[in-house]
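Enquirer: Below: one structure in structure tokens.
2 protein chains.
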Amino acid sequence: MGIQDYLESKNERLDRQLLFTAEIDRMTDILRQTMLISGKRRENDAEHSWHIAVMAMLLTEYAAEPVDIGRVVRMCVVHDLVEIEAGDTFAYDTQGNIGKAERERIAADKLFSRLPEDQGSMIRGLWEEFDAMETPDAKYAACVDRLQPFLHNVLTDGHTWRSGKVARASVEKRISVIREFMPEVYRWMEANIEQAVENGWLSP
Amino acid sequence: MGIQDYLESKNERLDRQLLFTAEIDRMTDILRQTMLISGKRRENDAEHSWHIAVMAMLLTEYAAEPVDIGRVVRMCVVHDLVEIEAGDTFAYDTQGNIGKAERERIAADKLFSRLPEDQGSMIRGLWEEFDAMETPDAKYAACVDRLQPFLHNVLTDGHTWRSGKVARASVEKRISVIREFMPEVYRWMEANIEQAVENGWLSP
Numbered sequence: 018m019g020i021q022d023y024l025e026s027k028n029e030r031l032d033r034q035l036l037f038t039a040e041i042d043r044m045t046d047i048l049r050q051t052m053l054i055s056g057k058r059r060e061n062d063a064e065h066s067w068h069i070a071v072m073a074m075l076l077t078e079y080a081a082e083p084v085d086i087g088r089v090v091r092m093c094v095v096h097d098l099v100e101i102e103a104g105d106t107f108a109y110d111t112q113g114n115i116g117k118a119e120r121e122r123i124a125a126d127k128l129f130s131r132l133p134e135d136q137g138s139m140i141r142g143l144w145e146e147f148d149a150m151e152t153p154d155a156k157y158a159a160c161v162d163r164l165q166p167f168l169h170n171v172l173t174d175g176h177t178w179r180s181g182k183v184a185r186a187s188v189e190k191r192i193s194v195i196r197e198f199m200p201e202v203y204r205w206m207e208a209n210i211e212q213a214v215e216n217g218w219l220s221p
Numbered sequence: 018m019g020i021q022d023y024l025e026s027k028n029e030r031l032d033r034q035l036l037f038t039a040e041i042d043r044m045t046d047i048l049r050q051t052m053l054i055s056g057k058r059r060e061n062d063a064e065h066s067w068h069i070a071v072m073a074m075l076l077t078e079y080a081a082e083p084v085d086i087g088r089v090v091r092m093c094v095v096h097d098l099v100e101i102e103a104g105d106t107f108a109y110d111t112q113g114n115i116g117k118a119e120r121e122r123i124a125a126d127k128l129f130s131r132l133p134e135d136q137g138s139m140i141r142g143l144w145e146e147f148d149a150m151e152t153p154d155a156k157y158a159a160c161v162d163r164l165q166p167f168l169h170n171v172l173t174d175g176h177t178w179r180s181g182k183v184a185r186a187s188v189e190k191r192i193s194v195i196r197e198f199m200p201e202v203y204r205w206m207e208a209n210i211e212q213a214v215e216n217g218w219l220s221p
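Residue numbers (our numbering), protein chains in the order written: chain L, 18 to 221; chain Y, 18 to 221.
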């Protein structure tokens with residue numbers, strides 16, 4: 018029997034919600050470049066989304082402006098859903114990032130149209146807000162989204178920096194939102210960047 | 018170098034928050050009995066916690082009482098953290114569930130004491146509220162926590178029910194909170210239980 022055979026609740030709206038729920042389980046199959054801190058394997062999108070959601074709950078005191086943590090956590094858990102259709106693009110892959118915005122827009126059209134319209138718009142709205150990095154909630158969510166793989170890199174001997182031959186300046190550019198929005202956390206990162214260059218994990 | 022060597026931000030509070038963040042990455046290593054919907058492998062606690070958080074965002078309309086979705090999502094992402102210390106106990110393992118509450122209380126003491134006190138209390142409070150299933154937010158979070166593996170079972174030919182030789186009455190008991198708090202969703206589940214018994218996935 019196929020997935021559809023089980024979704025006959027006589028409520029088409031509920032059927033769509035359950036089907037969407039089943040489909041997004043594919044996030045467990047989208048691998049990122051980041052290693053788990055154990056070093057055992059690469060992290061997947063479901064794990065990453067969960068991890069930054071919990072981090073967000075712990076670091077609000079460092080945000081430069083007040084944030085609505087309930088909204089931020091919701092943003093965190095949906096911010097990578099489009100990768101189910103578009104795949105993950107390594108942050109430091111210049112070539113791969115060409116056309117990423119357009120690819121993800123098409124992916125979002127496809128993915129979110131499966132939900133009831135009001136809910137597709139709601140999740141799409143959170144994703145677009147996250148991506149635009151203009152509101153305090155989105156800036157803060159973007160900060161934890163960048164801090165998490167930084168922490169993983171630091172704790173796995175710079176694994177992804179080394180394998181991607183990443184330069185210090187690229188990392189600094191990527192985390193500039195943290196310099197702006199979480200300056201105290203940025204100071205900790207700065208010291209670790211120095212150390213990473215010294216260790217040969219990042220090119221100078 | 019060990020994890021501690023990277024956590025010298027000159028702010029002991031931030032150090033503890035980062036160390037806790039690094040430690041909870043072990044949730045990716047705590048396997049549940051539930052299979053991923055793809056059937057490829059067992060699901061881990063990080064994936065499960067993420068999945069129910071997104072589900073919770075989609076199904077509020079079926080809740081018998083209004084819920085604060087921002088709180089529910091936070092509850093979802095932290096509700097299984099104690100399993101880092103206590104391990105996962107299969108819901109239908111009668112023997113294994115003896116002493117579970119006490120094991121988890123000890124695990125919580127150990128785990129949450131690593132955070133700054135206010136944050137340890139905050140997360141512990143959410144976990145205890147979830148576990149008590151008394152408030153609307155906790156009942157709703159408990160519903161999605163039970164609906165998600167049900168959906169996975171239905172879509173993997175009753176994998177975990179079959180391997181655990183689970184009886185229909187045990188499932189009905191486990192999901193009774195859904196009967197109470199999400200009656201329309203329960204009707205869909207009831208029909209699927211009938212089908213599962215007919216398929217031989219659940220014992221009658």
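We treat Cβ as the ideally placed atom computed from N, Cα and C, and that holds for glycine.
It should be emphasised that the depicted structure is a prediction, and the values quoted were computed from it without experimental measurement.
1. Can you list, in chain order, the residues of its chain whose CB lies under 8 Å from that of residue 18 of chain L, leaving out five sequence neighbours each side?
2. Go to residue 48 of chain Y, then tell me how far its beta strand (DSSP E) extends in each direction, as first and last residue.
3. So with CB distances below 7 Å, who are the chain Y contacts of residue 71 of chain L?
4. Going by beta carbon distance, what residues of the same chain come within less than 6 Å of residue 100 of chain L, once the five residues before and after it are set aside?
5. Got a sec: is the Cβ-Cβ distance from residue 183 of chain L to anything in chain Y below 7 Å?
6. Could you compute how far the alpha carbon of residue 75 of chain L sits from the alpha carbon of residue 197 of chain L?
7. So, helix, strand or coil for residue 18 of chain L, using DSSP?
8. Does chain Y have any CB closer than 7 Å to the CB of residue 77 of chain L?
9. Under 8 Å by Cβ, that's how I've got residue 91 of chain Y and residue 171 of chain L pegged, so tell me the actual separation to the nearest angstrom.
10. When the distance is taken between beta carbons, is residue 93 of chain Y closer than 7 Å to residue 115 of chain Y?
11. Residue 38 of chain Y versus chain L: which residues are under 7 Å apart at the beta carbon?
12. Cα separation between residue 56 of chain L and residue 146 of chain Y?
13. Put residue 61 of chain L into one of helix, strand or coil per three-state DSSP.
14. Can you pull the chain Y residues whose beta carbon is under 7 Å from the beta carbon of residue 46 of chain L, in chain order?
15. If distances are taken between C-alpha atoms only, which option among Y:29, Y:60, Y:50 and Y:219 comes closest to residue 110 of chain Y?
16. Considering only their Cβ atoms, is the gap separating residue 205 of chain Y from residue 178 of chain Y smaller than 7 Å?
17. Locate the alpha helix (DSSP H) running through residue 38 of chain Y, then write down its first and last residues.
18. Measuring alpha carbon to alpha carbon, tell me which residue in Y:135, Y:103 and Y:86 is nearest residue 33 of chain Y.
19. Using a 10 Å radius around the Cβ and a threshold of 16 neighbouring Cβ atoms, would you call residue 112 of chain L buried or exposed?
20. Let me know the beta strand (DSSP E) ranges lying completely inside the region 148-184 of chain L, each 3 residues or longer, listed in chain order.
21. Out of curiosity, what's the CA-to-CA distance linking residue 159 of chain Y and residue 153 of chain Y?
22. Buried or exposed: residue 163 of chain L, going by 16 or more other Cβ atoms within 10 Å of its Cβ?
23. Taking the alpha-carbon positions, what's the residue 193 of chain L to residue 105 of chain Y distance?
24. From the DSSP output, in three-state form, read off residue 220 of chain L for me.
25. Measure from the alpha carbon of residue 95 of chain L to the alpha carbon of each residue in L:36, L:67, L:202 and L:25, then state which is nearest.
26. Residues of chain L with a CB under 9 Å from the CB of residue 141 of chain Y: which are they?
27. Tell me, please, whether the CB atom of residue 67 of chain Y is closer than 7 Å to any CB atom in chain L?
Expert: Reading it off the structure:
1. Legend: pLDDT at residue 18 of chain L = 47, less than 50; position of this residue unreliable, no value from coordinates given.
2. 48-52
3. 41, 94 and 95
4. 47 and 62
5. no
6. 19 Å
7. The pLDDT assigned to residue 18 of chain L is 47, lower than 50, so where the model puts this residue is not dependable; a value taken from the coordinates is nonetheless given after this. If DSSP states are grouped into helix, strand and coil, residue 18 of chain L belongs with coil.
8. no
9. Wrong, their Cβ atoms sit about 26 Å apart, outside the cutoff.
10. no
11. 72, 75 and 168
12. 34 Å
13. strand
14. 55
15. Y:50
16. no
17. 29-40
18. Y:135
19. exposed
20. none
21. 10 Å
22. buried
23. 39 Å
24. strand
25. L:67
26. None at all; the shortest Cβ gap to chain L is about 13 Å.
27. yes
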